[in-house]
Amino acid sequence: MTGRTLVTGVIGSDTHIVGNRILTMALEAAGYRVVSLGALTPAEEFVRAAIETAADAILVSSLYGQGELDCRGFRDRCVEAGIGDILLYVGGNLVVGKQPWPEVEKRFTDMGFDRAFPPGTRTDEVIDILARDFGARAEPVRSAS
Amino acid sequence: MSDGGHALLVDFGSTYTKLRAVDLASGRIVGTGQGPSTVTTDVTVGMEQALADLARRLGGTLPVFRHRLASSSAAGGLRMVTVGLVKELTAEAARLAALGAGAKLVGTFAYSLTAEDVTTIEDLAPDILLLAGGTDGGNSAVILENAAALSVASIRCPVVVAGNRNAATEAKRRLEAGGKPVVVTRNVMPEFGKLDLEPARDAIRAIFIDRIVHAKGIDRAAGMLDAVLMPTPAAVLDGAQLIAEGIEGQGGLGPLVVVDIGGATTDVHSVCSGEPARSGVLVHGLPEPYLKRTVEGDLGMRHNAAAIVEAVGPARIAADAGLPAERVAALLALLADEVERVPQTPDEARFDRALARAAIGLAAARHAGTVETVYAVTGPVTVQRGKDLSAVTTLIGTGGALVHADDPADLLRPALADPSAPGSLRPERPRMLLDRHYLLYAVGLLRAVDPAAALALGLNHLDTLEEGCHARHRCVS
Ligand code: B12
């Protein structure tokens, strides 16, 4: 076990659950404790779950093209709730149609996400980057287990 | 089967001391007795009077009782404060656990307690405080901070710690350092979105028996009783559960809802899973407890009559009562002056009926879950929050307003599903029963020692209202 807790879920009215399930299972296999909120999860639900479970990161999925609307103010919600320093990732099919990735990425990092991931990101990439980000933060494990 | 003999079942209420004497072999009431509530002075005085009343009704002598059990809601009931972390999560779980244990919630808190919160809790001086927060292995900072804040507070009540198990020992240490009696039990929310309320409920009931009964002076009646088992609302919930589930070899009535309308509050109990009755419905929010009790502190026939009128609007009360608005205002003023008032004129009776119908409708709607249609891009998705009571097969009404009504079914009907409010998941076609003899508490108490007799008692004495036809016939005759 890594001793780290992650919250996953698909934000907004989005029902695309497959990728999020695969990602959740891969993260569990990598030794994370994962609080999986599933499809159709409102933004505030991610934040509440993260507080109660003392999560170290939130991984938001959005596939149906409305991610930009659903994710607006996500970091602010966390700041408001006292977990402003939590690691935030977002991935899936973040915007409608084909748009240059650097622009899309910037829009999401401007919203306060630490990282945004393009369509087709593989789970082992996500696990590598997570490990690196936690290492770089070099803070003690937040969860009290 | 029961071995026979008699049981005495006592409710130390806030106004009356009530007795039910039951024949165990037949599961029937043989007599009732009533005395004043004297818990604040000497509980035995009211008990003696109630026993004398019972003896008189039984022709002068009392049987030898095999069991003598009591519940209590006197001296303010079991006054509790709950503290959790996130309002919608562990704070809500703590609230549900305390209500299920039969408590009267006097304060509910979430997140870190502020200095003002602690002062408020000191002023409330609860009988028991339930401290939760964090899933197991989750947040421990807030429960520990709250334990530290409470340890230096002037409260002396026992604290039940039912939060993050990784922080429980340290929370206990901090509270004990401040001289607070502490009981640690399992987390009310061990994992995100999972409830485990029974251990906290059991801990609260144990403290009630061990300490609160003494603290409230009810143990003065110890010589007249085998035990004071639980707060009265917990006995009602236990009774409802037994009637729903039955026992080995004798089935119960199945999923049920109890509406108990009182002078100050309206309680609703449900015994059912609450899962969607229809397929393809997505459930959101916290899972719901199978045994659920809600208390509407603003819906009471006397102390809160004005609040009922305000909640539904004077126009609706006036329309339902068939009275002019000014008359409604005048009748309301009358009740404000005299909370013990019993309706004396036809107008008062109609006003009371409208009040009860409004309170029952609101209380049932607040207890029941809701569905709403969310328009996802693919089309509509039905999302349920709370318990679906639509398939509940039995609705039991109790409380003075119902028992004394000419047509109790007519008063209970607002608790049912309403085609004009399809989003409210209230019972659709339950059989409606009336607890005319106020014995649900007695069923709950007796269940602890003789479940077969307790079940028979409930099934024997709950009157079927049959959609009101009986009552209506009697009304015209
Ligand atoms: C299956 C599917 C559906 C199914 C979903 C079934 C279900 N309940 O899951 C159904 C038929 C219901 C559906 C409906 C719709 N769909 Co659809 N659907 C797809 C499809 C074909 C596959 C999705 C999938 O499961 N992929 C497989 C998984 C494993 O991949 P993934 O989800 O991308 O996840 C991986 C990574 O992205 C990553 N990942 C995912 N989340 C995160 C999060 C983080 C933080 C990180 C690091 C990584 C990460 O990890 C996963 C593992 O590798 C895609 C097209 C496609 N090929 O991707 C369209 C697609 C997603 N759908 C689309 C659309 C438009 C819709 C609808 C709006 C169609 C409509 N008009 O009705 C609806 C929306 C319904 C709703 N309210 O959500 C569009 C979205 C367009 C956009 N974003 O611009 C797509 C891209 C098709 C397209 N090219 O147009 N869909």
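Quick mapping for you: the protein sequence lines, in order, are chains A and B. Residues in the first sequence are numbered from 1 upward in steps of one, following full-length UniProt numbering. Residues in the second sequence are numbered from 1 upward in steps of one, following full-length UniProt numbering. Cβ coordinates follow ideal geometry from the N, Cα and C atoms, glycine included. Predicted, not measured: the structure shown is a model, and the values here were computed from it.
Pairing Leu124/B with Ala147/B gives a Cβ-Cβ distance that is not under 9 Å. For Arg132/A, the shortest separation between its Cβ and any heavy atom of the ligand B12 does not lie below 8 Å. Judged by beta-carbon spacing, Ile58/A lies within the 9 Å limit of Thr8/A, meaning their Cβ atoms are closer than that value.
Interface flag for Ala49/A against chain B is set, since a Cβ pair is found closer than 9 Å. At least 9 Å separates the beta-carbon of Ala363/B from that of Leu412/B. Contacts with chain B at 9 Å (Cβ-Cβ) include Arg33/A. The beta carbon of Ser279/B does not come within 9 Å of any beta carbon belonging to chain A, so the residue lies off that interface. Pairwise C-beta distances place the segment 48-66 of chain A in contact with the segment 71-89 of chain B, as three or more of them are shorter than 8 Å. Annotation for Arg385/B: the continuous beta strand (DSSP E) segment containing it runs 379-385. At a beta-carbon threshold of 9 Å, the residues of chain B lying near Ala54/A are Gly134, Thr135, Gly137, Gly138, Asn139, Ser140, Ala141, Asn164, ordered along the chain.
Close to chain A, meaning a Cβ-Cβ distance shorter than 7 Å, are the following residues of the segment 65-97 of chain B: Leu85, Val86, Glu88, Leu89, Thr90. By alpha-carbon distance to Arg77/A, the top candidate from Ala43/A, Pro102/A, Val90/A, Glu105/A is Ala43/A. Cβ neighbours of Val34/A within its own chain (closer than 7 Å, five residues either side excluded): Leu6, Thr8, Thr24, Leu27, Glu28.
Note that the C-beta distance between Ala103/B and Pro289/B is not below 9 Å. Taking a Cβ-Cβ cut-off of 7 Å, the neighbours of Phe192/B in chain A comprise Val35, Ala49, Glu52, Thr53, given in sequence order. Just so you know, the alpha carbons of Ser61/A and Arg278/B end up roughly 29 Å apart. Taking the Cβ of Asp23/B as the reference point, every heavy atom of the ligand B12 lies at 8 Å or farther away.
If you ignore the 5 residues before and after Glu372/B, its C-beta comes within less than 7 Å of the C-beta of Val383, Gly423, all in its own chain and listed in chain order. DSSP places Lys194/B outside both helix and strand once states are collapsed to three, so it counts as coil. Met80/B carries a strand assignment under DSSP once its states are collapsed to helix, strand and coil. For Leu40/A, the neighbours in chain B by C-beta distance under 9 Å run, in chain order, Leu282, His284, Val374, Ala376, Val381, Val383.
As DSSP reads the structure, Phe109/B sits in a beta bridge with Val83/B. The C-beta of Ser151/B has 16 or more other C-beta atoms within 10 Å across all chains shown, which makes the residue buried. Under a criterion of Cβ atoms nearer than 9 Å, no residue of chain B is adjacent to Ser62/A; the nearest Cβ is some 12 Å distant. Put simply, the CB of Met301/B is far from chain A, with every gap to its CB atoms at 9 Å or more.
Just so you know, the alpha carbons of Val18/A and Gly12/A end up roughly 16 Å apart. Under a 10 Å Cβ-count criterion, Asp56/A is classified as buried, with 16 or more other Cβ atoms of the shown protein chains found around its own Cβ.
Relative to the Cα of Asp347/B, the nearest Cα in the group Leu334/B, Gly262/B, Glu338/B, Val339/B belongs to Leu334/B. Cβ atoms of Val81/B and Leu129/B come within 8 Å of each other, at about 5 Å. In the DSSP annotation of this structure, the continuous segment of the alpha helix (DSSP H) that includes Thr120/B starts and ends at 115-124. Residues Met111 of the same chain have their beta carbon placed closer than 7 Å to that of Arg72/A, with the five preceding and five following residues left out of the count. With a cut-off of 8 Å on Cβ pairs, the segment 76-93 of chain A is not in contact with the segment 216-234 of chain B, counting fewer than three such pairs. The C-beta distance from Arg426/B to Ala365/B rounds to 7 Å, short enough to fall under 8 Å. As the crow flies, the alpha-carbon of Gly38/A is around 6 Å from that of Val10/A. Bounds of the beta strand (DSSP E) holding Gly33/B are 28-36.
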